[in-house]
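Working notes for the structure below.
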Amino acid sequence: MEGGAARLLPDTRLRSSGRVRERARSIGLEGILPPNDPRGRHLLELEDGHLELRLLGSRLSPLWIDFTARSGRSLLRQVLSRSRRVVDATAGLGRDAWELAGWGAEVWMAESNPAVALLLGDALERASADPQRRELAGRLHLRAARGEEVLAELRGWAELAYLDPMFPPRRGGLPGRELQILSSLVSPSAGEELLLTCQQLGYRRVAVKRPRVAPSLPGPRPSGAIHGKQVRYDLYGF
Ligand SMILES: C[S@@+](CC[C@H](N)C(=O)[O-])C[C@H]1O[C@@H](n2cnc3c(N)ncnc32)[C@H](O)[C@@H]1O
C-alpha cells in the first residue's frame, strides 16, 4: 500500500486518536492521515480490530469495510470480459474491485480520499491475514492517490480502466447508510475528467458505472453498454 499526503484531496478534516495513527502506520498509510482536527465532522476510530468512520451528530452506525461476501453478480464478469489487469480509478469501498479480483483480475485501486483509503487499506490488510481470503486479497493493490495519477503510471500495464464516480444525489428518499456517510465525505465527482484522462493516456478499454437510466458521461460516446437492474456499465473501446 502506498500513499502520500500531498497527492490526496486536502479538504478532509478528521478526528482521530493515537491508536488510529498506529494502525495507519502498521498498514503503511500513516502519511495520508490528516492531523487530528477537533473541528472535523468525522471520527476515525479503531474498534474491535478494524478502523471505522463515524459521522458525528448522526445516528448512522459507523462505516467500515470487510471484504467477505462474494456476490454472484455476473455483470462485472461481463465488464471484465477477457481483461485481467485493471485499474479501478475510483475505488471507494472496494466492493467492485474485490469482485473483479474474484473473477481472476489483478486490480490496482486508486482512492483519493484519505479516510476512505485508510478504511480500504485496513480491510485489505485484514483480508491478507486471513488464509481463506489471502489469495484473492493478493490480487488487490491500493494506492492512496488520485485515479488520474495511477492511470498514468499503469497505462502500459492495465488492460481495462474501471470508473465508478459518485452518482449525483437521487431525488426523493435517502440513500443507504454507507452512501450517506460516503457522500458526507466526498463530493459527487463528475467522472468525465477521468474518462478524458483515460482517452488521452491511450486506454483501449474503459468501463464506467452509471445509474441505470442516467445519460452517459459527456465526452466520447460509449461503444456499448451492459444493462443491469440498478446500474448500467458504459463501455468504451477507444
Ligand atoms: C461511488 S464510490 C466508488 C464505489 C466503489 N466502486 C465500490 O464498489 O465500493 C466513488 C469513490 O471514488 C473516489 N474518487 C472520486 N474521484 C476520484 C479520483 N479522481 N481519484 C481517486 N478516487 C476518486 C471517491 O472518494 C469515492 O470514494
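Residue numbers for the sequence shown follow the numbering used here, so the first one is 241 and each next one is one higher.
Backbone N, C-alpha and C define an ideal beta-carbon position, used for all residues, glycine too.
Output yes if chain B places a C-beta closer than 8 Å to the C-beta of residue i; else output no.
{"i": "Gly387", "result": "In the structure shown, chain B does not exist; there is a single protein chain."}
Identify which residue in the options has its Cα closest to the Cα of residue i.
{"i": "Gly459", "options": "Arg445, Ser368, Gln470, Leu436", "result": "Leu436"}
{"i": "Leu441", "options": "Phe478, Leu315, Arg452, Gly258", "result": "Phe478"}
{"i": "Ile421", "options": "Ala401, Lys449, Arg294, Glu433", "result": "Arg294"}
{"i": "Arg472", "options": "Pro462, Arg461, Gly464, Arg450", "result": "Arg450"}
{"i": "Ala350", "options": "Ile267, Leu475, Gly334", "result": "Gly334"}
{"i": "Trp343", "options": "Val356, Leu359, Asn353, Val326", "result": "Val326"}
{"i": "Arg299", "options": "Gly416, Pro455, Ser323", "result": "Gly416"}
{"i": "Gln470", "options": "Gly464, Ala454, Ala341", "result": "Ala454"}
Once DSSP output is grouped into helix, strand and coil, what is the label at residue i?
{"i": "Trp348", "result": "strand"}
{"i": "Glu399", "result": "coil"}
{"i": "Leu336", "result": "It is Asp, not Leu, that sits at residue 336 in the sequence shown. Helix at Asp336."}
{"i": "Val426", "result": "coil"}
{"i": "Pro483", "result": "This structure does not reach residue 483, given that the chain is present from 241 up to 478, and the question cannot be answered."}
{"i": "Ala355", "result": "helix"}
From the DSSP output, which residues share a beta bridge with residue i?
{"i": "Leu284", "result": "Leu293"}
{"i": "Leu303", "result": "Leu293"}
{"i": "Leu315", "result": "Leu315 pairs with nothing; no bridge assigned."}
{"i": "Ile466", "result": "Tyr473"}
{"i": "Val326", "result": "Val347, Leu400"}
{"i": "Arg255", "result": "Leu283"}
{"i": "Val446", "result": "Ala401, Tyr476"}
Please look up how many angstroms separate the CB atoms of residue i and residue j, rounded, as I've assumed it's under 8 Å.
{"i": "Leu434", "j": "Ala329", "result": "6 Å"}
{"i": "Met241", "j": "Leu382", "result": "5 Å"}
{"i": "Ser424", "j": "Arg281", "result": "7 Å"}
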